[in-house]
Amino acid sequence: MATFSSIGDSMDPGFGVYVHWPFCAAKCPYCDFNSHVRHQPVDQPRFVSAFLTEMAEARRLSGPRTVTSVFMGGGTPSLMDPATVEAVLNGIAKFWHMPDGIEITMEANPSSVEATRFRGYRAAGVNRVSLGVQALNDRDLKFLGRLHNVEDALKAIGLARDIFPRMSFDLIYARPNQTVEEWERELNQAVSYAVDHLSLYQLTIEEGTPFYGLHKAGKLIVPDGEQSAVLYEATQEITEGFGMPAYEVSNHAAPGPKAATTSPTGAMATMPALVRARTGG
Ligand SMILES: C[S@@+](CC[C@H](N)C(=O)[O-])C[C@H]1O[C@@H](n2cnc3c(N)ncnc32)[C@H](O)[C@@H]1O
Ligand code: SF4
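Going by our numbering, the sequence shown opens with residue 3, and the numbers climb by one from there.
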């Protein structure tokens, strides 16, 4: 495992580093994140070199500072080789003070998960995984254009729980024709698999996506404001009942440490920088 020094400047409030991996195995029809499908293999060593160049520039601007968390988001960072993840983390530790034990999160898609890769990420220093589960029924996973089924999702949750000290997963609700009873059943099942964190997003129709075109043509109808409010309230009730209330609109956690860095907004993910250093605690 990469080890990071624990000597730092106690006056520095520190900052979180966000690393974006902008590639996916397929583009989901609802997604407007900065994510692209490449039919040729991505040149990962070249990306490492670009990340290091950008970090050197960020270090020149920031001066010596302390990193308080790292979030590797996407796209699908679980398409990165473990050696790529290790090189990026070692680069961060080379440019800034990186105390031992800080939260290092990686987003992973259930379709690109297998035990050897997960163990490789863990050995590289990743200590928290955020899985894009999205739904716990095969019909809706298919509708959302996902490459995994429920069985893959449950396998990925099990592996994440075994290999990483902390894990979270994402679900998308307020899907077309989703009844509150169906969502309650699915969410009750989901919270029973959760460890200490869940992200529950209402489906948003983003301009420029295939769902946007279908929605505009009246072929994809999402719950209206009132139905969405009912689904939202059911979400709060169930997660509170399981001791995982919301601490942000879509993020739920058990009491104790919250995720140091949650996934960035779509707007942030479309910024051109490969590495974004975010100031603040
Ligand atoms: C950019 S994705 C990265 C995670 C990973 N690539 C995946 O999809 O499994 C982060 C999360 O944003 C959420 N998301 C993306 N587009 C959305 C949309 N249009 N409506 C609601 N949630 C969305 C999904 O839950 C997804 O897991
Ligand atoms: S939702 Fe995730 S897997 Fe799907 S296209 Fe967006 S970033 Fe890629």
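Backbone N, C-alpha and C fix where the C-beta goes; we use that ideal spot for every residue, glycine too.
Since the model is a prediction, treat every value here as computed from it, not as a measurement.
Whole-angstrom distance between residue j and residue i, CA atom to CA atom
i    : j    : result
N139 : N151 : 8 Å
I207 : E188 : 22 Å
F244 : H254 : 10 Å
R48  : G93  : 14 Å
Y234 : K144 : 23 Å
A27  : A219 : 28 Å
L54  : E186 : 45 Å
L68  : W23  : According to the sequence displayed, residue 68 carries Thr and not Leu. Those two C-alpha atoms are separated by around 23 Å.
L16  : E105 : The sequence as given places Gly at residue 16; Leu does not occur at that position. Approximately 13 Å between the Cα atoms of the pair.
P212 : L146 : 11 Å
M13  : P66  : 12 Å
D45  : Q180 : 41 Å
D226 : E56  : 43 Å
R119 : N129 : 14 Å
L216 : S230 : 19 Å
R141 : R148 : 10 Å
R168 : Q238 : 22 Å
R317 : K260 : The shown model of the chain, from 3 to 283, leaves out residue 317, and the question about it has no answer.
A85  : E242 : 39 Å
Y195 : L222 : 30 Å
A52  : L133 : 26 Å
N290 : M246 : It is not possible to answer for residue 290, since the shown part of the chain is limited to 3 through 283.
L200 : Y175 : 13 Å
S37  : K29  : 7 Å
V251 : P178 : 21 Å
A262 : S71  : 6 Å
S170 : Q42  : 31 Å
Y214 : E228 : 21 Å
Y32  : E209 : 9 Å
S125 : V232 : Per the sequence shown, residue 125 should be read as Ala rather than Ser. If I take the Cα positions, the gap works out to 43 Å.
Beta-carbon separation (whole angstroms), residue i vs residue j, contact threshold 8 Å
i    : j    : result
G18  : F73  : 7 Å
G75  : E109 : 5 Å
L205 : V224 : 6 Å
D164 : G258 : Not quite, the Cβ-Cβ distance comes to about 20 Å (not below 8 Å), so this is no contact.
A236 : V182 : 5 Å
T78  : F35  : Contact doesn't hold; Cβ gap of about 10 Å is too wide.
Q136 : D102 : With a Cβ gap of about 34 Å, Q136 and D102 do not count as contacting.
V50  : A89  : 5 Å
Taking any heavy atom of ligand 2 as the mark, which residues have a C-beta closer than 6 Å to it, listed down the chain?
-> C26, K29, C30, C33, F35, S37, G76, G77, T78, N111, G134
Stretch pair the region 53 to 70 + the region 109 to 125: three plus CB contacts closer than 8 Å | no
Could you name each continuous beta strand (DSSP E) segment of 3 residues or more that falls completely within the region 25 to 90, going from the start of the chain to the end?
-> 69 to 76
Unbroken alpha helix (DSSP H) runs of length 4 or more, entirely within the region 150 to 232: which are they?
-> 152 to 165, 182 to 195, 212 to 218
With a floor of 4 residues, list each alpha helix (DSSP H) that falls wholly inside the region 95 to 147, ordered by position along the chain.
-> 117 to 126, 140 to 145
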